[in-house]
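Asker: Here our numbering is used: the sequence shown runs in plain steps of one and ends on residue 157. Backbone N, C-alpha and C define an ideal beta-carbon position, used for all residues, glycine too. First the structure, then my questions, so here it is.
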Amino acid sequence: MIQVLFVCLGNICRSPMAEAVMRELVRKECLDDKIIVDSAATSSWHIDEPPHQGTQDKLREYGISTTGMLGRQLQKSDLEKFTYIIGMDESNIRNIWTILGNPSSPKVFRFLDLTEHRKDVPDPYYTGDFQETYDLVLEGCTALLEKIKEELL
Numbered sequence: 005m006i007q008v009l010f011v012c013l014g015n016i017c018r019s020p021m022a023e024a025v026m027r028e029l030v031r032k033e034c035l036d037d038k039i040i041v042d043s044a045a046t047s048s049w050h051i052d053e054p055p056h057q058g059t060q061d062k063l064r065e066y067g068i069s070t071t072g073m074l075g076r077q078l079q080k081s082d083l084e085k086f087t088y089i090i091g092m093d094e095s096n097i098r099n100i101w102t103i104l105g106n107p108s109s110p111k112v113f114r115f116l117d118l119t120e121h122r123k124d125v126p127d128p129y130y131t132g133d134f135q136e137t138y139d140l141v142l143e144g145c146t147a148l149l150e151k152i153k154e155e156l157l
């Protein structure tokens, strides 16, 4: 079983968008029994809150549900539980290591490092551009799913 955790600052925009998109891609590939997807925040600001309305609206445009998704904070125990812990930007990666305390684990990496862009995913909470974020999230999730499928072979 592969377990993927997407992490951003508040767990209301980027990481829940990645969680929802990845779940949809996994469902379409009929890999629900092999891949579990979740998301978390490095901060405690939005615990138990649903995704940002802009995130919900953008995902709804693509027929992707956020039903039942609520924000949670990254826990030290997540390092043992998850196969991959993926930060949406470099600041998230630094905060992940602060919380987890193990900077040598290869299971933690920046989301777009699997793509040709190799950059941070801009936070639409600040930019207001949920379409740009969605496009990058779709690209990153597609690349991650290809990597995981190779591992499952």
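Output yes or no for whether 8 Å exceeds the beta carbon distance between residue 18 and residue 125.
Answerer: Yes, the pair counts as a contact, with Cβ atoms nearer than the cut-off.
Asker: Could you pull the DSSP bridge partners for residue 114 from this structure?
Answerer: The partner list for residue 114 (beta bridge, DSSP) reads 91.
Asker: Around the Cβ of residue 34, are there at least 16 other Cβ atoms within 10 angstroms (buried) or fewer (exposed)?
Answerer: Exposed, since its Cβ has fewer than 16 Cβ neighbours within 10 Å.
Asker: In the DSSP assignment, what are the bridge partners of residue 9?
Answerer: According to DSSP, which records beta bridges pairwise, residue 9 is partnered with 42 and 89.
Asker: When we look at the beta-carbon of residue 91 and count the other beta-carbons within 10 Å, is it buried (16 or more) or exposed?
Answerer: Buried, by the Cβ-count rule.
Asker: How about the region 133-148 and the region 20-33: do they share at least three Cβ pairs that are nearer than 8 Å?
Answerer: Enough Cβ pairs lie closer than 8 Å, so yes.
Asker: Run through the region 12-69 for me and flag every whole beta strand (DSSP E) of 3 or more residues, listed as ranges in chain order.
Answerer: DSSP runs (the beta strand (DSSP E)) wholly in the region 12-69: 39-45.
Asker: Just how far apart, CA to CA, sit residue 64 and residue 103?
Answerer: Each residue's alpha carbon lies about 32 Å from the other.
Asker: So if DSSP puts residue 77 in a beta bridge, which residue, or which two residues, is it bridged to?
Answerer: Partner(s): 45.
Asker: Quick check on the DSSP output: the alpha helix (DSSP H) that includes residue 150 runs from which residue to which?
Answerer: Counting along the chain, the alpha helix (DSSP H) containing residue 150 begins and ends at 134-156.
Asker: May I ask you to verify whether the region 6-18 touches the region 78-91, counting CB pairs closer than 8 Å and requiring at least 3?
Answerer: Cβ pair count under 8 Å is three or more, so yes.
Asker: Looking only at its chain, what residues have a beta carbon closer than 6 Å to the beta carbon of residue 149, apart from the 5 residues adjacent to it on each side?
Answerer: For residue 149, where only same-chain residues beyond five positions count, the Cβ hits under 6 Å are 29.
Asker: Expressed to the nearest angstrom, what Euclidean distance is found between the alpha-carbon atoms of residue 96 and residue 45?
Answerer: Each residue's Cα considered, the two are about 9 Å apart.
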